[in-house]
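Worksheet: the structure to be examined is printed underneath.
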Amino acid sequence: MRPPVDRLAALLATALVSSAGVAATGHGSPGVLVNARIHTLEAGRPAAEALAWDATGRIIAVGNQDEVLAKAPGAAVHDAQGATVVPGLIDAHAHLMGLGFALLRADLVGARNPAEVVERLQSFAATLPPDAWLLGRGWDQNLWPGKSFPTAADLDAAFPTRPVWLERVDGHAGWANSAALRRVARDLSGDWQPEGGLIVRSNRRPTGVFVDAATAFVDAVVPKPDEALRAEALRRALAAAASVGLTGVHDMGTSAADLDLYKRFADSGRFTLRVVAYADGDAAALDALCRSGHYSHPGGRVRMAGVKFYADGALGSRGAALKAPYSDDHGNHGLLVTPPDKLLDGMHKARRCGVQAATHAIGDRGNRQVLDDYAAVLGEAARSDHRWRIEHAQIVSVEDIPRFERLHLTASMQPTHATSDMPWAEARVGPERLAGAYAWRRFLQAGVRLALGSDFPVESVDPRLGLYAAVTRQDLEGEPPGGWLPDQKLTPAEALRGFTADAAWAGFMENEVGRLAPGLRADFVLLDADPLAVSARQLPGIKVLSTWIDGVRVYDAATLVPAAQEAASH
979 MRPPVDRLAA LLATALVSSA GVAATGHGSP GVLVNARIHT LEAGRPAAEA
1029 LAWDATGRII AVGNQDEVLA KAPGAAVHDA QGATVVPGLI DAHAHLMGLG
1079 FALLRADLVG ARNPAEVVER LQSFAATLPP DAWLLGRGWD QNLWPGKSFP
1129 TAADLDAAFP TRPVWLERVD GHAGWANSAA LRRVARDLSG DWQPEGGLIV
1179 RSNRRPTGVF VDAATAFVDA VVPKPDEALR AEALRRALAA AASVGLTGVH
1229 DMGTSAADLD LYKRFADSGR FTLRVVAYAD GDAAALDALC RSGHYSHPGG
1279 RVRMAGVKFY ADGALGSRGA ALKAPYSDDH GNHGLLVTPP DKLLDGMHKA
1329 RRCGVQAATH AIGDRGNRQV LDDYAAVLGE AARSDHRWRI EHAQIVSVED
1379 IPRFERLHLT ASMQPTHATS DMPWAEARVG PERLAGAYAW RRFLQAGVRL
1429 ALGSDFPVES VDPRLGLYAA VTRQDLEGEP PGGWLPDQKL TPAEALRGFT
1479 ADAAWAGFME NEVGRLAPGL RADFVLLDAD PLAVSARQLP GIKVLSTWID
1529 GVRVYDAATL VPAAQEAASH
């Protein structure tokens, strides 16, 4: 479920205006929110009309207005004017820098054919210096007539000399023109394939499409962004997240350089999000965790105590590892993008270092491998509170679902993946394998905790679309009637927990965020309608009125300047 380009552009424009001038996001002054309809997600007191926080940004009282005001004498009073308040929304699987760079590149999401891709690229290229690479993201051949991968020739007429490199919507494939291919030093022709990747060829010559690990050949020759551009990408990503009600993100695949950038933003009070970062595999960031222990920024906005691994690729580019061949590509079982011995070594390293593992697995073979590996690595420790995760758990053999519970794993799943993939998923895997596909209800029934997210920028950053997809399993036009595989729908309350309390639990943050209770941080969102009361069709249209972190507004839809002034004044 991916919004059209004009909606993304409007979202970014609003977000950037709202974040302008926000120079500090540290703790502010004591405050009280009154005249609100608050969903606390606390079993003992699920509803309230006011909450108060102290100067450190922690909640000191939640309840009826009079009792809360009495506990916060002299605190600034904020009138919610009857708005619905929910705990700050948390995306349990996302790519923060990926979103920022996507917002700086040509947006190809929703393009209906290669010609439309070229048209969008030509408009974007007009803004670039003559010698710059043309970079873009979001193409999806599944939306095109014939559903075939594109070729370099589709780009060459419009861009004969400017190198073009376009990331597929799932981030697991890339499309290059001939000018870009000429920059690659290695001879890409022949029958050989890189481990964990696929060079698509015709008559032994590369066509221009590279899948999973093969994308590294072109990535290696694309100019690296400088620090100023990286900072701008982060600024845009933070602004976009705040504008849709996100107060937290589990950032999957954070490099050591990314973490350093987050620290600098947090040090200067510009980090308007609470990030639980997962290191980018067995690399420098994981080495630092093993050497120095878990990282937590003094301000509480940035934490790293986990590592993200990859088992397989993605379903849309036929890289997800399947036990039986793809139903629409006979003989193709997908890809194990990390060599199995290296993946297992990385998991053992995480266990030795006391680091939480989160492993990408989409196909039934990929999920089976990760389950087997986790069982071998954890051993008796599987009964402990390790909270290791499988990211996506998208196509899982039905008999493997109970293993998640036995191993005490979290299933980190993305509702909008189901609604984006549903037009072609059955063609990929056939009807039998759909029994364990995007099977949220089956996981819950097996006693497995669900942490919900979006995988942005693969999907929209907007969690309202995730809530809608979770409870309807329909696209924004209401198709198909009754929803796709409707027995796997979630209730509105289950969906909201997946984006709040359960997401917080999955990141070891349940004593900090995810609920609204004394002692927790004052991270919350004001909405113009109640997501637990409106019809499902209304969920995407709920307006985010303001977003608060540590009791400080970081986004205000109605009066943009006061939000900036308030954050900058503390």
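Numbering-wise (my numbering), the sequence shown opens with residue 979 and increments by one.
Beta carbons are placed, not taken as given, at the ideal position from N, Cα and C, and that holds for glycine.
Bear in mind that the values here come from a model prediction, so they are computed numbers and not experimental data.
Assumed close pair residue i, residue j - CB separation to whole angstroms, cut-off 8 Å
| i | j | result |
| --- | --- | --- |
| V1196 | W1143 | 5 Å |
| L1011 | P1065 | 13 Å between Cβ atoms; not a contact. |
| L1510 | H1017 | 6 Å |
| A1151 | V1187 | 6 Å |
| L1494 | I1068 | Not quite, the Cβ-Cβ distance comes to about 13 Å (not below 8 Å), so this is no contact. |
| L1385 | Y1352 | 6 Å |
| V1063 | F1502 | 5 Å |
Residue range of the unbroken beta strand (DSSP E) whose run includes residue i
| i | result |
| --- | --- |
| R1146 | V1142 to R1146 |
| W1366 | Where W1366 is concerned, there is no enclosing beta strand (DSSP E), given that its DSSP letter is neither H nor E. |
| P1065 | T1062 to P1065 |
| F1195 | That residue, F1195, is in no beta strand (DSSP E); its alpha helix (DSSP H) goes A1194 to D1197. |
| M1230 | L1224 to T1232 |
| T1394 | No beta strand (DSSP E) contains T1394, which is instead part of the alpha helix (DSSP H) from P1393 to D1399. |
| W1153 | A1151 to A1154 |
| A1429 | R1427 to L1430 |
| A1039 | I1037 to G1041 |
| R1115 | L1112 to W1117 |
| V1012 | G1009 to V1012 |
| V1055 | A1054 to D1057 |
Unbroken alpha helix (DSSP H) run spanning residue i, endpoints
| i | result |
| --- | --- |
| E1210 | E1205 to S1221 |
| D1433 | Premise fails: D1433 is in no alpha helix (DSSP H) and is neither H nor E. |
| L1029 | Per DSSP, L1029 belongs to no alpha helix (DSSP H); it is in the beta strand (DSSP E), A1028 to W1031. |
| V1355 | D1342 to L1356 |
| R1442 | P1441 to T1450 |
| A1479 | A1479 to A1484 |
| R1083 | First-last for R1083: undefined, no H or E at that position. |
Burial state of residue i, where buried means 16 or more other Cβ atoms lie within 10 Å
| i | result |
| --- | --- |
| D1109 | exposed |
| H1308 | exposed |
| S1180 | exposed |
| G1312 | buried |
| G1332 | exposed |
| W966 | The chain is shown from 979 up to 1548; residue 966 falls before or after that span and cannot be answered. |
| D1260 | buried |
| W1170 | exposed |
| R1515 | exposed |
| G1497 | exposed |
| R1083 | buried |
| S1362 | exposed |
| Q1119 | buried |
| A1001 | Summary for A1001: the model assigns pLDDT 34, below 50, so the residue's position carries little reliability; its value from the coordinates is reported in the next sentence. Exposed, because fewer than 16 other Cβ atoms sit within 10 Å of the Cβ of A1001. |
| Q1452 | buried |
| R1183 | exposed |
| K1125 | exposed |
| S1270 | exposed |
| P1051 | exposed |
| S997 | For S997, the predicted structure reports a pLDDT of 39, less than 50, and the residue's modelled location is therefore unreliable. The matter cannot be settled from this model. |
| K1467 | buried |
| T1469 | exposed |
| D1148 | buried |
Simplified DSSP assignment, three categories, for residue i
| i | result |
| --- | --- |
| R1381 | helix |
| K1049 | coil |
| Y1416 | coil |
| G1088 | coil |
| R1179 | strand |
| T1316 | coil |
| T1337 | strand |
| A1103 | helix |
| H1017 | strand |
| F1188 | strand |
| W1402 | coil |
| V1532 | strand |
| S996 | Low local confidence applies: a pLDDT of 39 at S996 is under 50, so the model's placement there is unreliable, with the coordinate-based value given in what follows. Correct three-state label for S996: helix. |
| D1069 | strand |
| A1158 | helix |
| H1326 | helix |
| T1129 | coil |
| A1136 | coil |
| T1388 | strand |
| D1165 | coil |
| R1025 | Note that residue 1025 is Ala in the sequence shown here, rather than Arg. Looking at A1025 - three-state DSSP - the assignment turns out to be strand. |
| D1044 | helix |
| D1453 | coil |
Length at least 3, wholly inside the segment 1490 to 1527: the beta strand (DSSP E) runs in chain order: 1502 to 1505 and 1522 to 1527
Taking only runs that begin and end inside the segment 1237 to 1299, name each unbroken alpha helix (DSSP H) of 4 or more residues, in chain order. 1262 to 1270
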